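Okay, structure first, notes after.
There are 2 protein chains.
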Amino acid sequence: MDQNGVFANLIKQLTKLPGVGQKTAQRHAFAILKMFPQEAREIGQAIIDIKERLIFCSKCRNISEVELCLICSDPRRDRTKILVVEEPSTVYAIEKTGEYRGLYHVLLGVISPLDGVSPEDIHIKELIDRLADHEVKEVIVATSPNMDGETTALYLSKTIRPLGVKVTRIALGIPVGIDIEYADEVSLVRSIEGRREL
Amino acid sequence: MDQNGVFANLIKQLTKLPGVGQKTAQRHAFAILKMFPQEAREIGQAIIDIKERLIFCSKCRNISEVELCLICSDPRRDRTKILVVEEPSTVYAIEKTGEYRGLYHVLLGVISPLDGVSPEDIHIKELIDRLADHEVKEVIVATSPNMDGETTALYLSKTIRPLGVKVTRIALGIPVGIDIEYADEVSLVRSIEGRREL
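Just so you know, the sequences run in chain order A and B. Going by our numbering, the first residue of the first sequence is number 2, and it counts up by one from there. Going by our numbering, the first residue of the second sequence is number 2, and it counts up by one from there.
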């Protein structure tokens with residue numbers, strides 16, 4: 002088998018995908034080989050398109066095909082709330098629930114002193130700018146509940162609260178549907194701390 | 002999120018790959034989103050290329066970038082042996098071992114009375130044609146050890162043996178490295194049937 006050929010190259014390329022090793026890449030490659038040319042072309046083109054046709058929304062920095070994304074330009078969204086996330090993937094996950102009707106702001110990163118990422122390196126300034134028209138009443142911080150995510154949440158809270166805007170943090174606790182005896186200790190502590198009256 | 006957009010389309014396209022569901026496709030899509038444009042383009046182009054630049058070798062029907070594949074045109078290969086497989090993936094697997102030095106013949110299918118696949122539907126005639134110059138002394142049948150594979154092996158044996166060419170079948174037995182108590186019963190029976198003197 003030609004180790005520098007088209008087929009070997011496809012296997013090499015596919016291993017760039019997360020969690021795809023040599024074996025899985027091979028399996029994908031042979032599956033593509035058996036497809037109709039049109040089908041394979043659609044997959045290949047879709048991968049190319051995502052980098053060439055997607056841009057970041059000029060307002061919320063979420064991925065978009067147009068300058069102002071479909072969420073920011075949707076008149077039915079609640080413009081008094083902005084939910085702040087690290088990555089577009091979180092917007093995607095929350096939108097799938099269909100429960101949140103406010104706006105978003107994607108930081109495209111997280112403050113990380115250890116990795117040398119400071120507040121200026123992520124899109125915090127753009128978030129502050131969005132608060133200038135006093136339409137936004139609440140900023141909901143939905144960064145990850147780890148060290149960098151908490152640092153970012155704290156920074157946002159300190160920066161935004163003086164502007165007269167409420168800053169909230171998503172609830173941490175035990176996940177829904179879990180057997181409480183299997184919950185991890187930290188989540189358990191957080192869920193007790195965050196208890197609410199019934 | 003735009004369900005008809007570039008991003009949703011990529012997720013849909015990626016679920017065409019074997020074993021890739023909605024979640025994995027999403028994970029891949031976000032990973033591609035984070036790549037450099039050039040990287041994503043390489044993956045996409047590799048998928049397109051495989052259908053546009055690969056053809057089947059005119060002799061052995063293995064995948065190839067040129068009319069006569071690198072194995073068929075390699076003067077160092079042993080031309081007295083042809084190993085018959087169902088799909089190019091088996092050639093790939095055997096070539097990776099580096100132990101077999103003969104030629105191949107890819108049937109691109111298997112005789113399957115239930116699925117209405119008859120001997121004329123797969124590349125058996127091309128195999129018979131290759132035996133005409135009397136250079137080949139042995140045909141090794143490496144079809145799968147299931148009903149269709151065995152039917153094909155039997156058919157090949159009946160058709161080729163009258164031509165004075167030896168037809169052999171790959172050994173069935175328990176796989177190397179397994180604990181014998183965990184071997185399946187059928188493989189165990191086959192391994193006893195196929196025992197050899199030490």
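Note that the Cβ used here is the ideal one computed from N, Cα and C, for glycine as well. This structure is a prediction, so every number in the text was calculated from the model and none was measured.
Euclidean distance between Cα positions of residue i and residue j
i               : j               : result
D79 of chain B  : M36 of chain A  : 33 Å
I83 of chain B  : N147 of chain B : 21 Å
G195 of chain A : V111 of chain A : 24 Å
L15 of chain B  : V21 of chain B  : 7 Å
R191 of chain A : Y93 of chain A  : 26 Å
P205 of chain B : I51 of chain A  : Nothing in the structure corresponds to residue 205 of chain B, since chain B is present only between 2 and 199.
D75 of chain A  : S158 of chain A : 27 Å
E186 of chain A : R62 of chain B  : 60 Å
R200 of chain B : I181 of chain B : Here chain B has residues from 2 to 199 only, and residue 200 of chain B is not among them.
C73 of chain A  : E100 of chain A : 16 Å
A26 of chain B  : K13 of chain A  : 18 Å
H29 of chain B  : Q23 of chain B  : 10 Å
D134 of chain A : V118 of chain A : 28 Å
Nearest residue (CA-CA) to residue i, options the options
i               : options                          : result
E88 of chain B  : B:I51, B:H106 and B:P146         : B:H106
E53 of chain B  : A:C58, A:E43 and A:P114          : A:E43
I125 of chain A : A:G20, A:V67 and A:I161          : A:I161
A41 of chain B  : A:L18, A:K24, A:P38 and A:R62    : A:L18
L132 of chain B : B:R197, B:E182, B:N63 and B:V168 : B:V168
S59 of chain A  : A:R77, A:D149, A:L155 and A:E127 : A:E127
N91 of chain B  : A:F31, A:I72, A:P76 and A:G150   : The question names Asn, but residue 91 of chain B is Thr in the sequence shown. The option with the nearest alpha carbon to T91 of chain B is A:F31.
S113 of chain B : B:T152, B:D185 and B:D134        : B:T152
D116 of chain A : A:G150, A:Y101 and A:T25         : A:G150
F8 of chain B   : B:K24, B:L34 and B:S119          : B:L34
Integer-rounded CB distance, given that residue j should sit under 8 Å from residue i
i              : j               : result
G45 of chain A : I49 of chain B  : 4 Å
T81 of chain A : V137 of chain A : 6 Å
V85 of chain B : V140 of chain B : 6 Å
I64 of chain B : L71 of chain B  : Not quite, the Cβ-Cβ distance comes to about 11 Å (not below 8 Å), so this is no contact.
Sub-8 Å separation of residue i and residue j beta-carbons
i               : j               : result
S188 of chain A : L164 of chain A : no
I95 of chain B  : L109 of chain B : no
E66 of chain B  : G103 of chain A : no
I175 of chain A : A184 of chain A : yes
L11 of chain B  : A47 of chain A  : yes
Chain-order list of residues whose beta-carbon lies under 7 Å from that of residue i (same chain, five-residue window excluded)
i               : result
G178 of chain A : none
P120 of chain A : I112 and Y156
Neighbourhood of residue i by C-beta, 8 Å cutoff - its chain only, sequence neighbours within 5 removed
i               : result
L69 of chain A  : C58, S59 and K60
V166 of chain B : L132, V137, K138, E139 and V140
R77 of chain B  : R102
Own chain residues within Cβ distance below 6 Å of residue i, not counting five before or after
i               : result
I171 of chain B : A143
S145 of chain B : none
L199 of chain A : none
Pull out every residue of the stretch 77-91 of chain A whose Cβ sits closer than 8 Å to any Cβ of chain C, in chain order. The structure shown has no chain C; the protein chains it does contain are A and B.
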